[in-house]
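Participant:
Number of protein chains: 2
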Amino acid sequence: MITENGADFVDVLTADGIHDVERTSFIEEHLRALRVSLEEGAKVRGYLVWSLLDCVEWADGYRRKFGLVHVDLETQRRRLKDSALWYRDVIARNGLPDGRTRRPTLETVAARAGVSRATVSRVVNGEASVSAEAREAVLRAVRELGYVPNAAARSLVTRRTDTVALVLSEPRHGGDALIAAIVRYVTSMLEGAGKQITLMLADTADSRRRVVQHVEARQADGVVLLPPDDHGPLAERLARTGVPVVLLGRPAVASLVPHVDVDNAGGAAAATAHLLGRGRRRIGMLCGPTDLVAVQDRLAGHRDALREAGLRPLLALSGLDRESGAAAARRLLSDHPELDALFTTSDDLAIGALRAARDLGRRVPEDLAVAGFGDIDAASCTTPALTTVRVPVEDQALALARLMLSRLDGRHAGPVVLPARLVVRDSA
Amino acid sequence: MITENGADFVDVLTADGIHDVERTSFIEEHLRALRVSLEEGAKVRGYLVWSLLDCVEWADGYRRKFGLVHVDLETQRRRLKDSALWYRDVIARNGLPDGRTRRPTLETVAARAGVSRATVSRVVNGEASVSAEAREAVLRAVRELGYVPNAAARSLVTRRTDTVALVLSEPRHGGDALIAAIVRYVTSMLEGAGKQITLMLADTADSRRRVVQHVEARQADGVVLLPPDDHGPLAERLARTGVPVVLLGRPAVASLVPHVDVDNAGGAAAATAHLLGRGRRRIGMLCGPTDLVAVQDRLAGHRDALREAGLRPLLALSGLDRESGAAAARRLLSDHPELDALFTTSDDLAIGALRAARDLGRRVPEDLAVAGFGDIDAASCTTPALTTVRVPVEDQALALARLMLSRLDGRHAGPVVLPARLVVRDSA
DNA sequence: CTGAAAGCGCTTACAG
DNA sequence: CTGAAAGCGCTTACAG
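Taken in order, these protein sequences are the chains called D and E.
Under full-length UniProt numbering, the first residue of the first sequence carries the number 1, and numbering increases by one thereafter.
Under full-length UniProt numbering, the first residue of the second sequence carries the number 1, and numbering increases by one thereafter.
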């Protein structure tokens with residue numbers, strides 16, 4: 001660790017409020033680490049205070065100066081061990097590891113192992129045709145030197161990049177939870193398979209050009225593209241380069257590019273059936289922007305479910321946000337005061353509808369049942385809590401990653417459609 | 001576009017419900033594109049139907065077969081133009097562009113421009129010392145051939161990667177909105193500066209090792225690391241390699257690694273002052289996991305504000321989720337029924353507290369004022385709407401990107417602390 | 001201002 | 001099973 005004047009410093013522990021049993025081994029462990037550091041010449045330049053809650057005030061002086069860490073015991077010990085190992089490591093190397101030192105290359109490893117570069121390459125890449133002794137020697141040299149292959153050099157000759165581009169466009173639909181889940185799960189699965197992720201944006205003409213260039217220059221072995229609402233053309237264009245492309249959401253136009261989607265129609269039909277099942281017969285619908293494919297599908301599901309009951313849909317077009325949902329609901333309810341239920345193509349619209357209902361003095365669900373779509377985080381926080389259709393964001397992310405992996409393996413794959421489950425709460 | 005049996009097909013337009021004025025030019029434009037395609041030998045294999053809402057049912061047959069696009073006029077025209085240009089482009093190239101064709105190299109460009117590879121390289125990299133004619137010739141050849149430099153070859157010799165690693169660890173604090181904002185804004189700004197983003201996870205021992213290897217092997221020119229709560233050691237370790245590192249959130253231990261943070265203490269003090277200003281004197285606090293630095297700082301701000309008013313804090317420790325917040329609130333309120341306000345270190349805890357208050361029959365804010373921290377999406381949806389402290393997620397993301405860029409430019413930089421503003425709603 | 005040439009660190013036929 | 005050698009596509013002193 002480095003203080004503000006750049007000098008190394010080691011920890012001095014002051015721990016309070018720890019169970020005695022635990023304290024002993026904890027302190028011992030720490031002091032051992034400390035002793036090692038001191039013996040190896042580190043100078044004490046400050047204090048790191050670990051303490052529990054009841055000594056916050058006492059410890060405040062230290063906190064101001066060096067930072068105070070409040071941790072539970074488990075964390076405390078893990079961190080302690082980490083930093084102890086780390087100190088030893090650093091000190092063992094005699095001061096700062098030098099970033100400017102040349103990294104070892106195949107050449108270095110080969111020399112140390114007493115074999116040729118070709119053999120080292122074979123071992124590193126897991127080829128079978130290497131003798132046990134050679135392999136052993138190479139592996140040892142790799143370990144001792146901390147050899148890591150140079151990705152650029154490898155990619156230059158293999159023409160692979162072991163990289164997948166994750167392309168985000170404007171999130172008109174889906175929201176932050178979906179983005180976060182995809183970023184996390186797609187990355188996790190692809191990293192597990194030895195791929196690297198390049199994050200790209202495709203929200204402007206410029207950035208879209210960049211994506212096309214990137215892919216045409218073969219800087220990615222595959223592309224995960226989301227959400228595609230406005231980007232059918234982009235997806236097709238990328239697919240034409242021969243690089244595997246995978247989409248989130250059904251594209252507007254039938255396509256051979258495989259995609260992952262949620263059963264929007266089925267979910268909307270389920271929500272509508274639920275309203276019907278509660279005896280509602282005059283059901284209005286708040287419908288988000290109809291150029292979004294997901295909105296189209298939800299609309300279709302709603303319509304089909306109504307038709308089956310011999311009813312016809314009654315729509316109010318709306319934007320994407322709560323304010324616009326509230327306005328559409330007000331409009332619909334004043335034009336059609338007889339309505340006893342509202343279905344909306346998104347939770348944000350439903351939350352707007354709840355506000356409108358409150359403003360208009362309609363009790364939910366007694367006078368007006370409201371059902372949304374999405375099960376966003378806020379849906380369970382409203383009063384009444386929102387009945388809605390859950391969009392399984394994590395499953396979508398995982399399916400997307402799996403689809404990409406199978407395409408990278410050269411397998412063909414069709415679209416994946418995940419079920420959307422009704423979540424019944426209080427609003428309908 | 002490709003149908004399911006792999007054949008090209010062109011669009012046939014059927015548009016309804018469009019204002020007549022618009023319709024004419026729209027259809028004309030489309031038919032022109034169509035004619036071009038047909039003249040150039042494309043076969044009609046299907047229909048793409050653009051229509052507006054009122055012909056949904058009629059169009060359903062087409063929808064089933066080929067996908068139906070509902071679009072507003074603006075979108076319609078843009079998309080039409082896109083696909084028309086795209087058709088022409090593809091067809092002009094005589095069928096599918098071949099992904100397996102060799103891309104042009106410096107060599108190719110040099111030959112075409114009648115100069116040496118070195119000169120082409122100089123032009124491409126914007127060096128000044130090139131004659132106007134040579135530059136002109138090279139630029140033309142680049143344009144005509146669609147030349148894009150091979151990143152691997154370039155990186156091999158320059159030892160730069162023009163890549164920044166964006167490292168995500170477990171999101172114990174901050175949530176999806178923060179992740180989404182960072183992914184979006186950091187990527188946007190760095191792409192604008194010609195950098196590529198490599199997305200990495202650091203949530204397991206394995207993935208952390210991968211990150212260290214990645215950086216030590218110089219596969220990134222910089223690292224944006226978030227959230228650092230458990231990763232002080234990782235940040236220090238990466239910084240030791242000499243690669244610029246930038247952190248989200250104040251690290252637990254004082255460090256030279258620059259970071260971006262929110263004024264957690266100031267925000268908590270403001271919320272507490274607000275409660276005091278409303279005449280509340282018996283203020284309890286729900287305190288999230290105290291090993292999180294942000295929680296420590298919020299706690300400190302709360303305590304300082306109380307102390308200034310001659311009061312002492314009354315804490316209940318809690319986890320991170322709503323359930324745990326509700327439980328802590330129940331505990332605190334039954335042990336101390338005299339409490340007239342609660343401050344919480346996060347909105348999720350506050351939402352839990354609202355539930356507990358309702359269960360216990362306490363009216364909010366009359367009997368019990370509640371203030372949270374974060375201003376998450378759900379905060380404005382509760383009843384009563386939550387008074388809270390806004391954490392400016394976009395500003396954080398932008399500051400993080402700026403910090404990284406200045407570090408990449410070799411400039412040193414200190415920590416950035418962004419203000420956290422009180423948002424007064426109904427709960428306090 | 002320009003070109004010939006060396007070299008970045010790998011992989012991969014090819015020959016043995 | 002192994003090594004010598006060519007070559008991936010670029011940049012950059014160096015010499016002119």
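Note that CB positions come from ideal geometry on N, CA and C, so glycine has one too.
(1) Kindly indicate which three-state DSSP category G242 (chain E) falls into: helix, strand or coil?
(2) By Cβ distance, which residues of its chain are closer than 6 Å to V138 (chain D), with the 5 residues on each side in sequence left out?
(3) With the cut-off set at 7 Å, would you say residue 486 (chain E) and V295 (chain E) are in Cβ contact?
(4) Of the choices E:L418, E:A399, E:R411, E:M404, whose alpha-carbon is the least far from that of R390 (chain E)?
(5) With DSSP collapsed to three states, give me the class of H336 (chain D).
(6) Can a CB atom of chain E be found closer than 7 Å to the CB of L226 (chain D)?
(7) Does the region 204-214 of chain D come into contact with the region 152-159 of chain D, if we say contact requires no fewer than three beta-carbon pairs (one atom in each stretch) closer than 8 Å?
(8) Can you tell me whether V157 (chain D) is buried or exposed? The criterion is at least 16 other CB atoms within 10 Å of its CB, across all chains shown.
(9) Keeping to the same chain, check which residues put their C-beta closer than 6 Å to that of L276 (chain E); ignore five residues upstream and five downstream.
(10) Per the DSSP calculation, G284 (chain E) is bridged to which residue(s)?
(11) If distances are taken between C-alpha atoms only, which option among E:V257, E:L398, E:A357 comes closest to E323 (chain E)?
(12) Could you check the C-alpha separation between A252 (chain E) and R355 (chain D) for me, to the nearest Å?
(13) Give, in chain order, every residue of the region 379-409 of chain D whose Cβ lies closer than 7 Å to some Cβ of chain E.
(14) Exposed or buried, what is P337 (chain E) when buried is set at 16 or more other beta-carbons lying within 10 Å of its beta-carbon?
(15) Shortest alpha-carbon distance to G175 (chain E) belongs to which of E:F373, E:A413, E:T387?
(16) A420 (chain E) and D263 (chain E) look like a contact to me (Cβ under 8 Å); what is the Cβ gap, rounded to whole Å?
(17) Roughly how many whole angstroms lie between the Cα atoms of L368 (chain D) and P384 (chain D)?
(18) Could you confirm whether any beta carbon from chain D is found closer than 7 Å to the beta carbon of I197 (chain E)?
(19) Excluding sequence positions up to five away, which residues of its chain have a Cβ less than 6 Å from the Cβ of A350 (chain D)?
(20) Kindly indicate which three-state DSSP category V223 (chain E) falls into: helix, strand or coil?
(21) At a Cβ threshold of 7 Å, is T187 (chain E) touching chain D?
(22) Kindly provide the ranges of any alpha helix (DSSP H) runs that are 4 or more residues long and lie completely inside the region 104-159 of chain E, ordered along the chain.
(23) How would you call G279 (chain D), buried or exposed, if buried means at least 16 neighbouring beta carbons within 10 angstroms?
(24) What does a CB cutoff of less than 6 Å around P415 (chain D) pick up in its chain, not counting 5 residues either side in sequence?
(25) Measuring CA to CA, which of D:A132, D:A134, D:L145 is closest to T105 (chain D)?
(26) Taking 7 Å as the CB-CB limit, is P415 (chain D) close to chain E?
(27) Between E:Q396, E:R407, E:A428, E:S406, which has its C-alpha nearest L226 (chain E)'s C-alpha?
(28) So the candidates are D:G267, D:Y185, D:E236; which of them puts its Cα closest to the Cα of L299 (chain D)?
(29) What number of angstroms, rounded off, separates the C-alpha of V293 (chain E) from the C-alpha of L248 (chain E)?
(30) For the structure I just gave you, are there three or more beta carbon pairs, one from the region 328-342 of chain D and one from the region 126-140 of chain D, closer than 8 Å?
(31) What's the gap between the Cα of S334 (chain E) and the Cα of D291 (chain E)?
(32) DSSP three-state label for I376 (chain E), please.
(33) What is the residue span of the beta strand (DSSP E) that L168 (chain E) lies within?
(34) Using only alpha-carbon positions, find the residue among D:A134, D:D221, D:I179 that is nearest to L398 (chain D).
(35) Determine the burial state of D359 (chain D): buried for a count of at least 16 other Cβ atoms within 10 Å of its Cβ, exposed for fewer.
(36) From L332 (chain E) to G319 (chain D), what distance separates their C-alpha atoms?
Facilitator: On the basis of the coordinates in this document:
(1) coil
(2) A113, V120, V123
(3) Since the first residue of chain E shown is 1 and the last is 428, residue 486 (chain E) is not available in this structure.
(4) E:L418
(5) coil
(6) no
(7) no
(8) exposed
(9) A309
(10) E:L342
(11) E:A357
(12) 42 Å
(13) C381, T382, T383
(14) exposed
(15) E:F373
(16) 5 Å
(17) 12 Å
(18) yes
(19) T344, V370, G372, L386
(20) strand
(21) yes
(22) 106-113, 117-124, 132-145, 151-158
(23) exposed
(24) P258, H259
(25) D:L145
(26) no
(27) E:Q396
(28) D:G267
(29) 11 Å
(30) no
(31) 26 Å
(32) coil
(33) 163-168
(34) D:I179
(35) exposed
(36) 43 Å
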